[in-house]
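Each number in the working numbering corresponds to the 1-based position in the sequence shown with 3 added. Don't be surprised by glycine CBs; every beta carbon is placed ideally from N, CA and C. Below you'll find the structure, written out as structure tokens, and then a few comments.
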Amino acid sequence: MKLFAAILFFILLSFSVKAESYPVQADTVLRQTDSIPSVNLSEIEIISHRNSVSFWTRWRMNRLIHNVKVAYPYAKTAGALLRIYDVRLKHAKNDAQRKKIMKQAEKEIKERYSTPLKKLTFTQGFILIKLIDRETGNTSYGLLQQLRGKFTAFFYQAFARIWGYNLKTRYDPKGKDREIEAIVKLIEAGKL
4 MKLFAAILFF ILLSFSVKAE SYPVQADTVL RQTDSIPSVN LSEIEIISHR
54 NSVSFWTRWR MNRLIHNVKV AYPYAKTAGA LLRIYDVRLK HAKNDAQRKK
104 IMKQAEKEIK ERYSTPLKKL TFTQGFILIK LIDRETGNTS YGLLQQLRGK
154 FTAFFYQAFA RIWGYNLKTR YDPKGKDREI EAIVKLIEAG KL
């Protein structure tokens, strides 16, 4: 027992000697005669792997991951295109030029994305509507209203409601969409 206490004492003594040999950094907190280093660590996400989860819960989560992986690139593209077209619209000299820019943008988007977007499943489309809100900070309905006018937004909303979508759906990363948010963060971190 005395041997153990002596070894522990020498180990602790070597740690204290090493701690004093390091130079004091700028982000050190000084308290009376002692200094305490302050270190800022980056945020990490802890994900538990539950083995006791049922087959159907795992299957549902795998489907959600697949659907988010399919819809997320389109949402990122929508956010990037919106920023590009916002800059172009700000430099427009009058309303006629704004309309021309919007018609051209709509034509380009339809030519490029119409076919792949038609291949999305219902769930992927629903997730895409939410992720567009996440990327742009505005609902799909709000974007349509802002860019194409109230009547066009109302028309698209009515058409979407026929198919079971709601363009006014908000993204709630801390509430009902927290699983989607976790998946998106994993995609952004390169882990999925």
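Proximal residues to residue i (C-beta, below 6 Å), its chain only, five neighbours per side dropped
i           : result
residue 2   : With the chain covering 4 to 195 only, the question about residue 2 has no answer from this structure.
residue 177 : none
residue 25  : Any reading at residue 25 needs caution, since the residue's pLDDT is 43, under 50, leaving its predicted position unreliable; the model's value is listed next. Result list for residue 25: empty, nothing under 6 Å.
residue 115 : none
residue 163 : 170
residue 101 : 92, 95
Length of the line joining the Cα atoms of residue i and residue j
i           : j           : result
residue 179 : residue 83  : 26 Å
residue 175 : residue 42  : 32 Å
residue 96  : residue 170 : 30 Å
residue 110 : residue 189 : 33 Å
residue 65  : residue 127 : 13 Å
residue 192 : residue 119 : 25 Å
residue 159 : residue 90  : 24 Å
residue 61  : residue 134 : 22 Å
residue 103 : residue 45  : 46 Å
residue 140 : residue 107 : 24 Å
Beta-carbon gap between residue i and residue j smaller than 8 Å
i           : j           : result
residue 150 : residue 105 : yes
residue 136 : residue 86  : no
residue 88  : residue 132 : no
residue 144 : residue 156 : yes
residue 183 : residue 130 : yes
residue 138 : residue 194 : no
First and last residue of the uninterrupted alpha helix (DSSP H) at residue i
i           : result
residue 88  : 58–93
residue 99  : 98–121
residue 144 : 143–151
residue 193 : Premise fails: residue 193 is in no alpha helix (DSSP H) and is neither H nor E.
residue 137 : 125–139
Residues near residue i in its chain [Cβ-Cβ closer than 8 Å; skip 5 each side]
i           : result
residue 112 : 84
residue 57  : none
Integer Cβ distance of residue i from residue j, believed to fall under 8 Å
i           : j          : result
residue 123 : residue 81 : Their Cβ separation, rounded to whole angstroms, is 13 Å, which puts residue 123 and residue 81 out of contact at 8 Å.
Cut-off 7 Å between Cβ atoms - residues of its own chain near residue i, not counting five sequence neighbours on either side
i          : result
residue 29 : Its pLDDT being 47, under 50, residue 29 is placed unreliably by the model, and the measurement read from it follows with that caveat. Taken in chain order, the list of residues that qualify is empty.
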